[in-house]
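A.B. asks:
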Amino acid sequence: MKVLVSGVAGDIGFGIARVLRDWGYFSGLYGIDIHSDHPGCFVFDECAVAPRATEAHYISWLSDYIRKNKIEVFIPTSEAEIGVLAAAKIHEICGAIVIRNNDFTIDKSLDKYECLSYLASRGIPVPEHGLVGNDLPSGYPVIVKPRSGQGSKGVVLIYTAEELASCPTGLVWQSYLLPDDEEYTCPVYSSSKTGPYVLLMKRKLVGGLTGSGAVVECPEIDKYVRKILECMRLDGGINIQLRLTEMGPLLFEINPRLSSTVVFRNKMGFTDVRWWLADKLGLENPPYSAPKAGTRFYRGSHEYIHTP
Numbered sequence: 069m070k071v072l073v074s075g076v077a078g079d080i081g082f083g084i085a086r087v088l089r090d091w092g093y094f095s096g097l098y099g100i101d102i103h104s105d106h107p108g109c110f111v112f113d114e115c116a117v118a119p120r121a122t123e124a125h126y127i128s129w130l131s132d133y134i135r136k137n138k139i140e141v142f143i144p145t146s147e148a149e150i151g152v153l154a155a156a157k158i159h160e161i162c163g164a165i166v167i168r169n170n171d172f173t174i175d176k177s178l179d180k181y182e183c184l185s186y187l188a189s190r191g192i193p194v195p196e197h198g199l200v201g202n203d204l205p206s207g208y209p210v211i212v213k214p215r216s217g218q219g220s221k222g223v224v225l226i227y228t229a230e231e232l233a234s235c236p237t238g239l240v241w242q243s244y245l246l247p248d249d250e251e252y253t254c255p256v257y258s259s260s261k262t263g264p265y266v267l268l269m270k271r272k273l274v275g276g277l278t279g280s281g282a283v284v285e286c287p288e289i290d291k292y293v294r295k296i297l298e299c300m301r302l303d304g305g306i307n308i309q310l311r312l313t314e315m316g317p318l319l320f321e322i323n324p325r326l327s328s329t330v331v332f333r334n335k336m337g338f339t340d341v342r343w344w345l346a347d348k349l350g351l352e353n354p355p356y357s358a359p360k361a362g363t364r365f366y367r368g369s370h371e372y373i374h375t376p
């Protein structure tokens with residue numbers, strides 16, 4: 069069976085490939101990205117350059133590539149691709165199963181403003197938030213960011229009303245959550261076959277990515293995450309990012325996809341890549357044994373040399 073992973077120049081796509089290579093289930097690993105300057109050839113059997121998801125011919129190109137290479141499973145990793153596929157109601161392309169969340173979960177997660185507003189309407193505590201040009205915060209600082217996007221791209225810290233007024237209309241603002249050293253990334257996987265699995269990881273960021281962290285037990289955060297889970301109609305994997313504040317845990321965004329800690333999680337037994345694929349392919353999933361609180365993880369480095 070052949071599998072295609074997108075965004076392989078990034079940490080998520082490349083990490084998924086490492087998980088799949090270690091698993092050994094698939095006979096062929098194929099990778100695509102918008103450029104070729106990456107070490108994907110070291111983990112994939114074949115890599116190709118694909119158009120951006122925002123380009124008009126993205127879906128037709130993807131269909132051709134999947135058909136020509138007899139791909140049976142496609143794992144999109146960027147929010148741009150996931151949004152395009154969800155908007156087109158695509159769950160299968162040329163016979164290949166697309167590993168993505170359902171339309172509701174994606175719709176309520178990709179739009180950062182809609183996500184916070186929806187959860188607030190369901191009684192979930194969220195940061196004060198609004199749209200630049202429409203709403204004003206009660207205090208500063210605030211974070212300003214695009215309504216859709218991935219990671220820390222386009223995120224700006226704003227300290228005054230004058231700075232906020234200079235931001236483009238329509239961007240999302242939300243209260244800046246303190247303290248800085250109480251940030252958590254919480255992967256969640258849930259399906260009718262597995263039930264909900266939740267992992268709480270306190271993390272330290274290095275260059276916008278999780279550099280290190282530890283598995284924690286925190287009933288307050290666990291309860292909060294599970295309340296969010298009840299609202300999201302989840303049938304797959306998401307990543308909830310939050311801070312533990314004086315007011316309790318408050319999320320700042322939900323990623324409706326696999327995230328950059330995918331290799332960490334897999335090594336600790338939270339094998340959401342394999343669970344998701346097993347559920348979609350009708351394979352048996354092994355019982356989940358949660359990693360112990362206090363388990364620590366660190367991001368190292370690898371060197372790759374490719375000779376002509």
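Read left to right, the sequence shown gives residues 69 to 376 (the numbering used here). Heads up, the beta-carbon is just placed ideally off N, CA and C, and yes, glycines get one too.
1. In angstroms with no decimal places, state the Cα-to-Cα distance between Val71 and Val111.
2. Looking at the secondary structure, which residues open and close the alpha helix (DSSP H) in which Ile296 lies?
3. List the endpoints of the continuous beta strand (DSSP E) containing Ile165.
4. When the Cα of Pro119 is compared with those of Pro107, Val284, Asp132, Cys109, which residue comes out closest?
5. Taking Thr237 as part of the alpha helix (DSSP H), name the residues at either end of that continuous run.
6. Can you check whether the CB of Asn323 is closer than 7 Å to the CB of Asn307?
7. Could you check the C-alpha separation between Gly368 and Val200 for me, to the nearest Å?
8. Determine the extent of the alpha helix (DSSP H) in which Ser328 is found, giving its start and end residues.
9. Can you name the residues that DSSP bridges to Lys270?
10. Which residues bound the alpha helix (DSSP H) around Arg89?
11. Span of the beta strand (DSSP E) holding Ser74?
12. Where does Tyr252 land, buried or exposed, given buried means 16+ other C-beta within 10 angstroms?
C.D. replies: For this structure:
1. 13 Å
2. 287 to 299
3. 164 to 166
4. Asp132
5. First-last for Thr237: undefined, no H or E at that position.
6. yes
7. 39 Å
8. Note, Ser328: premise wrong, no alpha helix (DSSP H); not H, not E.
9. Tyr252, Ala282
10. 79 to 91
11. 70 to 74
12. buried
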